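Undergrad: Take this structure, written in structure tokens, and hold onto it; I'll ask about it next.
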Amino acid sequence: MNPMKTHQINIKMKYFKLLFLTLVFCFSCQGFAQSNTSDVTEIKTIANAMLNDVATKNYDALIDKMHPKVFSIVPKESLKEIFKSTFEGNGAVSIDMPEEKPDFKVSEVFNIQDTLKYAFISYDMKMKMSFKDQEFDEASQDMMKNIMKSKGMEVNFISNNTLDVFANNSMTIALKDKESNNEWTVLNYDADSPLVYQILPSELLEKAKEYKQNLMLESTKKSE
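Counted the way mature numbering (1 follows the signal peptide of the UniProt record, and there is no 0) counts, the sequence shown spans residues -33 to -1, 1 to 191.
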């Protein structure tokens, strides 16, 4: 392949990595526990609020709810600028999230030594991406489709610089521990993001990996 095309594709993949890092931060939101409801009901409430805040681009609401550990990695103001640049089209790539919230499922609630509760929220996510100053030719479109497919995502090009991304079997981790003042929080799971490895314990990470693989396996069986 032409080295220049390879270089351009690498640049574009950096934008995809920025997208997923942004989504990780977007979904690192803290919910408010309701003592008179079950854990699963609380998690469903958090998931609905999380998806609504993302759809309405309520950045302040997202930031106000975030787990304290997030801010040891990125300052609040920097995070807000990432949101604005990504979702309002101020940067080289803009992302448009649909207003309708996806259906989701919640797993059973797990415990780690009675100090951490967690569960998995799974759903199919759709978004539209637009590149301002770059275009994909036929070869780079095919390569991008293959790369994203290997990550469990589908890509449909609307034009040479605009595409729909279908992130099937997306997964968010709901967790409650001392760090969150024993209130439910949620963190988007991306196995390629260093953020989850800085925040989550190894036992949870192993369980998340297994759960994600099972989701993908079930989807494969249904499509056969």
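Yeah, the Cβ is synthetic: ideal placement off N, Cα and C, and Gly gets one too. Small disclaimer: the values here were computed from a predicted structure and weren't measured.
What is the DSSP secondary structure of methionine 115, counted as helix, strand or coil?
TA: Three-state DSSP puts methionine 115 in a helix.
Undergrad: According to DSSP, is phenylalanine 185 helix, strand or coil?
TA: The sequence as given places glutamate at residue 185; phenylalanine does not occur at that position. Glutamate 185: helix per DSSP, three-state reduction.
Undergrad: Among the residues of its own chain, which have a CB less than 6 Å from the CB of lysine 99, if the five just before and after it don't count?
TA: Once the five neighbours on either side are set aside, the close Cβ partners of lysine 99 are Ala59.
Undergrad: Taking the alpha-carbon positions, what's the leucine 172 to leucine 83 distance?
TA: So the two alpha carbons sit approximately 13 Å from each other.
Undergrad: For lysine 68, name the three-state secondary structure that DSSP assigns.
TA: The answer is coil: DSSP assigns lysine 68 none of H, G, I, E or B.
Undergrad: By a C-beta neighbour count over all protein chains shown, 10 Å radius and 16 as the cutoff for buried, is isoleucine 125 buried or exposed?
TA: Exposed, since its Cβ has fewer than 16 Cβ neighbours within 10 Å.
Undergrad: Judging by CA-CA distance, which residue of Leu154, Ser190, Leu29 is the nearest neighbour of lysine 51?
TA: Checked all of Leu154, Ser190, Leu29; the closest Cα to lysine 51 is Leu29.
Undergrad: Please report the residue range of the alpha helix (DSSP H) in which phenylalanine 54 lies.
TA: First-last of the alpha helix (DSSP H) with phenylalanine 54: 43 to 54.
Undergrad: Could you tell me the alpha carbon to alpha carbon distance between phenylalanine 54 and methionine 64, rounded to whole angstroms?
TA: Answer to the nearest angstrom: the Cα atoms are 8 Å apart.
Undergrad: In the structure shown, what three-state DSSP assignment does isoleucine 88 receive?
TA: Strand, per DSSP.
Undergrad: Between the C-alpha atoms of leucine 162 and valine 37, what's the straight-line distance to the nearest angstrom?
TA: The straight-line gap from Cα to Cα measures roughly 8 Å.
Undergrad: Helix, strand or coil: which one does DSSP assign to glycine -3?
TA: Confidence at glycine -3 is low in this model, with a pLDDT of 40, below 50, so its placement is unreliable and the value that follows should be read with caution. Glycine -3 falls in the coil class under three-state DSSP.
Undergrad: Should the stretch 74 to 82 be regarded as contacting the stretch 31 to 47, the criterion being three or more beta carbon pairs within less than 8 Å?
TA: Touching, no, given that fewer than three Cβ pairs across the two stretches are closer than 8 Å.
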